[in-house]
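Student: Take 1133 as the starting number for the sequence shown in this note's numbering and just add one per residue. Where a beta carbon is used, it is the ideal one built from N, C-alpha and C, also for glycine. First, the structure itself, so that you have it in front of you.
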Amino acid sequence: MALSYHDASVFSGSCKLKTAAEDFSVVQPFEIRSGAEQRVPFLFNSPHSGRYYPERFLAMARLDRNAIRRSEDCYVDELFGGAVALGAPMLAANFPRAYLDVNREPWELDPRMFAEPVPSFCNIRSARVAGGLGTVPKLVGEGLDIYSGRLPLAEAVARIEAVYKPYHETLKRLLTRTHARFGFAVLIDCHSMPASIRVGDNGLRPDFIIGDRFGISATAALTETAIGLLSAMGYTVAHNKPYAGGFITEHYGRPARHLHALQIEVNRGLYMNERTFEKAAGFDALADDLTRFSADLMAMPDHHFIDLPLAAE
């Protein structure tokens, strides 16, 4: 699970790394929510629900305080928060996705965004970069440009060094600790999607999308159980389309090593007003359903995660 990072000293202007650290001098960039003891081999992760927008960042952006929230997975950490009382820790971002996206490779950067050339080791040709949604995003949902001009390259380096790397180091540590204690670890990566999302030829609006990187990141039993539990509650559930899981699911899901990662996307139309960002009347009922869902998922027998057929990764 080792992450490889390049030394920030290769960048000109890397002495400015303290700027991003100062963005979160009052509010920590992320936090671990947990009970007194971890009782289950599950870990929940909410990387896109952060809603603390540093003033320095807002001053750099061309968008107002509402428009810049269009990529936010609003309240997802609260929807899945019941898992903590069940004995599963949750890693939750406080930094917003518009500021930094940890569900990307560490150096997935768009060269059009920066005043200086990006180094050759950066991934500049991914579909996510092309869509304006790299590690340091160019756009928020609905295709709105975040910035009016180019950023210093050191700004991207600062955010990666001060926030991205510590976030993934923490996530890796939690998974390693869970694996060592229980013999396997299950990561549930929690996200939300716009109510406008449709799938299939008939334009079905899914309530949930379960992503397992097309069977690569988790045992089939976990995926099938998750889909079955939500379907039994009366929800419409899609599998892998259009969201199969991002960098986190792909990077940490290693079933052959007893490390399983599943992405869950919740339709925002179920629980909030996407225009005003206010919680809808169904919010508490959905949160209760997701607590029951989490409890049932965590009750799966261990053999589903350990007794797997040998397969090449």
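Within this structure, are the beta carbons of residue 1296 and residue 1234 separated by less than 8 Å?
Tutor: Numbered from 1 along the sequence shown, position 164 holds the residue referred to as residue 1296. Numbered from 1 along the sequence shown, position 102 holds the residue referred to as residue 1234. Their beta carbons are under 8 Å apart, which means residue 1296 touches residue 1234 by this criterion.
Student: Does the beta-carbon distance from residue 1390 to residue 1316 come in below 8 Å?
Tutor: Counted from its first residue, the sequence shown places residue 1390 at position 258. Counted from its first residue, the sequence shown places residue 1316 at position 184. Yes.
Student: Report the rounded CA-to-CA distance for residue 1324 versus residue 1350, giving the unit in angstroms.
Tutor: Taking the sequence shown and counting its residues from 1, one reaches residue 1324 at position 192. Taking the sequence shown and counting its residues from 1, one reaches residue 1350 at position 218. Straight-line spacing of the CA atoms in residue 1324 and residue 1350 works out to 20 Å.
Student: Taking only three categories from DSSP, how would you classify residue 1295?
Tutor: Reading the sequence shown from its first residue, position 163 is the one you call residue 1295. In the structure shown, residue 1295 sits in a helix (DSSP, three-state: H, G or I).
Student: Taking the alpha helix (DSSP H) that residue 1359 falls in, what are its first and last residues?
Tutor: Taking the sequence shown and counting its residues from 1, one reaches residue 1359 at position 227. Looking at the DSSP string, the run of the alpha helix (DSSP H) that includes residue 1359 is 1352-1364.
Student: Is it the case that the segment 1220-1227 contacts the segment 1156-1171, given that we only count it when at least three CB pairs across the two stretches are under 8 Å?
Tutor: Because the criterion of three Cβ pairs below 8 Å is met, the segment 1156-1171 and the segment 1220-1227 touch.
Student: Among residues of its own chain, excluding the 5 on either side of residue 1241, which ones have a beta-carbon nearer than 8 Å to its beta-carbon?
Tutor: In the sequence shown, counting from the first residue as 1, residue 1241 sits at position 109. 1250, 1254, 1255, 1256, 1261, 1266, 1267, 1268, 1288, listed in sequence order.
Student: Kindly identify the DSSP beta-bridge partner or partners of residue 1246.
Tutor: Counting from 1 along the sequence shown, the entry for residue 1246 is found at position 114. DSSP lists 1283 as partners of residue 1246.
Student: What is the DSSP secondary structure of residue 1411, reduced to helix, strand or coil?
Tutor: Locating residue 1411 in the sequence shown gives position 279, counting from the first residue. Here residue 1411 sits in strand by DSSP.
Student: Distance check for residue 1291 and residue 1143, CA to CA, integer angstroms please.
Tutor: In the sequence shown, residue 1143 corresponds to position 11, counting from 1. In the sequence shown, residue 1291 corresponds to position 159, counting from 1. Reliability of the predicted coordinates at residue 1143 is poor, the pLDDT of 41 falling under 50, and the value obtained from them is presented with this limitation in mind. Cα to Cα, the separation comes out at about 13 Å.
Student: Classify residue 1426: buried if its beta carbon has 16 or more other beta carbons within 10 angstroms, exposed otherwise.
Tutor: Counting from 1 along the sequence shown, the entry for residue 1426 is found at position 294. By the 10 Å Cβ count, residue 1426 comes out buried.
Student: Less than 8 Å between the beta carbons of residue 1372 and residue 1343, yes or no?
Tutor: For this step, residue 1372 is matched to residue 240 along the sequence shown. For this step, residue 1343 is matched to residue 211 along the sequence shown. Closer than 8 Å, so yes.
Student: Going by DSSP, what residues sit across from residue 1370 in a beta bridge?
Tutor: Position 238 of the sequence shown, counted from the first residue, corresponds to residue 1370. Paired residues: 1341.
Student: Output needed for residue 1431: all residues of its chain with C-beta closer than 6 Å, excluding positions within five of it in sequence on either side, in chain order.
Tutor: On the sequence shown, residue 1431 is found 299 positions in, with the first residue counted as 1. For residue 1431, where only same-chain residues beyond five positions count, there are no Cβ hits under 6 Å.
Student: Just list the residues that DSSP pairs residue 1395 with in beta bridges.
Tutor: On the sequence shown, position 263 is the one that residue 1395 refers to. Answer by DSSP bridge pairing, in chain order: 1321, 1343.
Student: Should residue 1375 and residue 1319 be called a contact, given that it needs their Cβ atoms to be closer than 8 Å?
Tutor: Position 243 of the sequence shown holds residue 1375. Position 187 of the sequence shown holds residue 1319. No, the pair does not count as a contact, with Cβ atoms beyond the cut-off.
Student: For residue 1187, count the other beta carbons within 10 Å of its own beta carbon; 16 or more makes it buried, fewer makes it exposed. Which is it?
Tutor: Taking the sequence shown and counting its residues from 1, the one referred to as residue 1187 is at position 55. By the 10 Å Cβ count, residue 1187 comes out exposed.
Student: Per DSSP, what kind of secondary structure is residue 1446 in: helix, strand or coil?
Tutor: It is not possible to answer for residue 1446, since the shown part of the chain is limited to 1133 through 1445.
Student: Is the beta carbon of residue 1178 less than 8 Å from the beta carbon of residue 1322?
Tutor: Here the question's residue 1178 lines up with position 46 in the sequence shown. Here the question's residue 1322 lines up with position 190 in the sequence shown. Cβ distance < 8 Å, so residue 1178 and residue 1322 count as in contact.
Student: Roughly how many angstroms separate the alpha carbons of residue 1219 and residue 1370, rounded to a whole number?
Tutor: To locate residue 1219, count along the sequence shown from 1; it is residue 87. To locate residue 1370, count along the sequence shown from 1; it is residue 238. For residue 1219 and residue 1370, the distance between alpha carbons rounds to 28 Å.
Student: Could you tell me which of 1437, 1435, 1417 sits nearest to residue 1211, measuring between CA atoms?
Tutor: Residue mapping note: residue 1211 aligns to position 79 of the sequence shown, counting from 1. Checked all of 1437, 1435, 1417; the closest Cα to residue 1211 is 1417.
Student: Would you identify the three-state DSSP class for residue 1432, choosing helix, strand or coil?
Tutor: Here the question's residue 1432 lines up with position 300 in the sequence shown. DSSP places residue 1432 in coil when its eight states are reduced to three.
Student: In whole angstroms, give me the CA-to-CA distance for residue 1134 and residue 1294.
Tutor: By one-based count along the sequence shown, residue 1134 stands at place 2. By one-based count along the sequence shown, residue 1294 stands at place 162. Low confidence applies to residue 1134: its pLDDT is 41, below 50, so where it sits in the model is not reliable, and the reading given next is rough at best. Going by the C-alpha atoms only, they are around 18 Å apart.
Student: Among residues of its own chain, excluding the 5 on either side of residue 1201, which ones have a beta-carbon nearer than 7 Å to its beta-carbon?
Tutor: On the sequence shown, residue 1201 is found 69 positions in, with the first residue counted as 1. So the qualifying residues of the chain are 1409.
Student: By Cβ distance, which residues of its chain are closer than 8 Å to residue 1302, with the 5 residues on each side in sequence left out?
Tutor: If you number the sequence shown from 1, residue 1302 lands on position 170. So the list reads 1162, 1164, 1223, once near-sequence residues are dropped.
Student: According to the neighbour-count rule (16 or more other Cβ atoms, all chains shown, within 10 Å of its Cβ), is residue 1438 buried or exposed?
Tutor: Within the sequence shown, numbered from 1, the residue matching residue 1438 stands at position 306. It counts as exposed.
Student: With residue 1379 as the anchor, note down where its alpha helix (DSSP H) starts and where it stops.
Tutor: Sequence index remark: in the sequence shown, residue 1379 carries index 247 (1-based). First-last of the alpha helix (DSSP H) with residue 1379: 1379-1384.
Student: Am I right that residue 1400 and residue 1326 are in contact with their C-beta atoms under 8 Å? What's the rounded C-beta distance?
Tutor: Taking the sequence shown and counting its residues from 1, the one referred to as residue 1400 is at position 268. Taking the sequence shown and counting its residues from 1, the one referred to as residue 1326 is at position 194. Separation of the CB atoms of residue 1400 and residue 1326 is rounded to 6 Å, and the pair is thereby assigned contact status at 8 Å.
Student: Express the C-alpha separation of residue 1420 and residue 1244 in angstroms, rounding to a whole number.
Tutor: For the purposes of this step, residue 1244 is taken as residue 112 along the sequence shown, with counting starting at 1. For the purposes of this step, residue 1420 is taken as residue 288 along the sequence shown, with counting starting at 1. The alpha-carbon separation between residue 1244 and residue 1420 amounts to approximately 44 Å.
Student: What is the rounded straight-line gap between the Cα of residue 1272 and the Cα of residue 1231?
Tutor: Taking the sequence shown and counting its residues from 1, the one referred to as residue 1272 is at position 140. Taking the sequence shown and counting its residues from 1, the one referred to as residue 1231 is at position 99. The alpha-carbon atoms of residue 1272 and residue 1231 are separated by roughly 10 Å.
Student: Return the residue from the list 1365, 1308, 1239 that minimises the CA-CA distance to residue 1423.
Tutor: Looking up residue 1423 in the sequence shown gives position 291. Ranking the options by Cα distance to residue 1423, first place goes to 1365.
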